[in-house]
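Colleague:
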Amino acid sequence: MTKIQETLAALPEEKKVLFAPVFGNVDKFYTAVYLIARNEHVTDQEKPDRYEDRLQVIRRIRSKVEKLVDSFGLEGSEIVADIASDYFEDYVNYKEPDIQMTNDEFIGIIQKVSQV
Numbered sequence: 001m002t003k004i005q006e007t008l009a010a011l012p013e014e015k016k017v018l019f020a021p022v023f024g025n026v027d028k029f030y031t032a033v034y035l036i037a038r039n040e041h042v043t044d045q046e047k048p049d050r051y052e053d054r055l056q057v058i059r060r061i062r063s064k065v066e067k068l069v070d071s072f073g074l075e076g077s078e079i080v081a082d083i084a085s086d087y088f089e090d091y092v093n094y095k096e097p098d099i100q101m102t103n104d105e106f107i108g109i110i111q112k113v114s115q116v
């Protein structure tokens with residue numbers, strides 16, 4: 001478990017329940033933000049068609065996640081940055097985490113974040 005995962009796991013129950021409506025729980029929140037960071041990095045590296053538009057959408061979602069977490073009384077940008085840091089740590093070490101989320105779950109979370 002990384003430091004930010006431990007921090008999220010140690011949140012008081014009244015903070016954890018705030019994640020439920022959009023993310024399901026703090027573990028799924030962590031996974032979703034990790035995947036957002038990965039998608040942003042891969043898009044920036046591979047530069048697919050219309051990658052600037054894709055990056056803009058990804059960054060807008062990330063910003064919305066940060067603001068949502070801020071609304072929970074937590075440091076949204078710091079938490080998102082710590083999770084992104086976990087992704088980059090895995091990336092440089094060629095470590096592929098065991099993602100416990102389906103693509104449909106991820107898309108559902110992104111859609112909920114978009115509506116916030």
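Using the UniProt record's numbering, the letters of the sequence shown map in sequence onto residues 1 to 116.
We put the beta carbon where it would ideally sit given N, CA and C, even for glycine.
So residue 72 and residue 18 are in contact, right, with Cβ under 8 Å, and what is the actual spacing, rounded?
Modeller: Stepping through the sequence shown from its first residue, residue 72 is reached at position 72. Stepping through the sequence shown from its first residue, residue 18 is reached at position 18. Right, their Cβ atoms sit about 4 Å apart.
Colleague: Quick one: measure Cβ to Cβ for residue 64 and residue 116, integer angstroms, because I've assumed they're closer than 8 Å.
Modeller: By 1-based counting over the sequence shown, the position of residue 64 is 64. By 1-based counting over the sequence shown, the position of residue 116 is 116. Their Cβ separation, rounded to whole angstroms, is 6 Å, which keeps residue 64 and residue 116 in contact under 8 Å.
Colleague: Kindly list the residues whose CB is nearer than 8 Å to the CB of residue 41, restricted to its own chain and excluding five residues on each side of it in sequence; keep chain order.
Modeller: Residue numbering aside, residue 41 sits at position 41 when the sequence shown is read from its first letter. Same-chain partners within the cutoff: 87, 88 and 91.
Colleague: Answer with buried or exposed for residue 39, where buried requires no fewer than 16 other C-beta atoms within 10 angstroms of its C-beta.
Modeller: Numbered from 1 along the sequence shown, position 39 holds the residue referred to as residue 39. Buried is the call here.
Colleague: Excluding five sequence neighbours on each side, which residues of the same chain lie with their C-beta closer than 7 Å to the C-beta of residue 2?
Modeller: Translated into positions along the sequence shown, residue 2 becomes position 2. So the list reads 86, once near-sequence residues are dropped.
Colleague: Just to confirm the assignment, what range does the alpha helix (DSSP H) spanning residue 26 have?
Modeller: In the sequence shown, the residue the question calls residue 26 occupies position 26. Looking at the DSSP string, the run of the alpha helix (DSSP H) that includes residue 26 is 26-46.
Colleague: Mind checking residue 134: buried by the 16 CB within 10 Å criterion, or exposed?
Modeller: This structure gives no information on residue 134, because the portion of the chain shown stretches from 1 to 116.
Colleague: Which residue marks the beginning of the alpha helix (DSSP H) containing residue 108, and which one marks its end?
Modeller: Residue mapping note: residue 108 aligns to position 108 of the sequence shown, counting from 1. Unbroken alpha helix (DSSP H) run through residue 108: 103-115.
Colleague: Please confirm whether residue 26 and residue 109 have their CB atoms less than 8 Å apart.
Modeller: Numbered from 1 along the sequence shown, position 26 holds the residue referred to as residue 26. Numbered from 1 along the sequence shown, position 109 holds the residue referred to as residue 109. Contact flag unset, no.
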